[in-house]
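To start, the structure under review is shown below, and the notes come after it.
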Amino acid sequence: IMEQLSHYDVKTDLYLVWVHLFRAAKKEARVIQLALDYHLEKIFVQAMQEFLEKYHGKSKGVSSYLHSFWSSAIVSVLLKWIKDG
Numbered sequence: 157i158m159e160q161l162s163h164y165d166v167k168t169d170l171y172l173v174w175v176h177l178f179r180a181a182k183k184e185a186r187v188i189q190l191a192l193d194y195h196l197e198k199i200f201v202q203a204m205q206e207f208l209e210k211y212h213g214k215s216k217g218v219s220s221y222l223h224s225f226w227s228s229a230i231v232s233v234l235l236k237w238i239k240d241g
């Protein structure tokens, strides 16, 4: 899913990124739910954080905390969406 997001410009195509992310997550909902059943949420957060760092640069300081915050927030929303069906 994360590799496919690299086709978009996060700054100008943000809406398309969200649409793609939710559609891809819906297609993979069974696999994601299985990972949730085994408490592997951290893998999703790490993947999202790596994606954000790739497109916004890996740095120390405030940027690092923002990547951590947004990756956790995005994954939390996606996982809740999948759990709720």
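In the numbering used here, the protein residues as written are 157 to 241. Glycine is no exception: its CB is placed at the ideal position from the N, C-alpha and C atoms. Bear in mind that the values here come from a model prediction, so they are computed numbers and not experimental data.
Residue from the options whose Cα sits closest to the Cα of residue i
| i | options | result |
| --- | --- | --- |
| A229 | E197, L190 and A185 | E197 |
| W226 | E206, V175, H176 and A181 | E206 |
| M204 | L170, L190, R186 and V231 | V231 |
| E159 | T168, K182, L177 and R186 | L177 |
Same chain only: Cβ atoms within 8 Å of residue i, ignoring 5 sequence neighbours per side
| i | result |
| --- | --- |
| L235 | I188, L192, E197 and F200 |
Cβ neighbours of residue i in the same chain (closer than 7 Å, five flanking residues each side left out)
| i | result |
| --- | --- |
| L208 | H223, W226 and S227 |
| I238 | A181, A185, I188 and Q189 |
| G241 | none |
Supposed close pair residue i, residue j - CB separation, criterion 8 Å
| i | j | result |
| --- | --- | --- |
| H212 | S219 | 7 Å |
Reduced DSSP secondary structure (H/G/I, E/B, other) of residue i
| i | result |
| --- | --- |
| H195 | coil |
| S228 | helix |
| H212 | helix |
| H176 | helix |
Any non-hydrogen atom of the ligand ZN within 7 Å of residue i CB
| i | result |
| --- | --- |
| Y164 | Among the components of this structure there are no ligands whatsoever, and the ligand ZN is therefore not found. |
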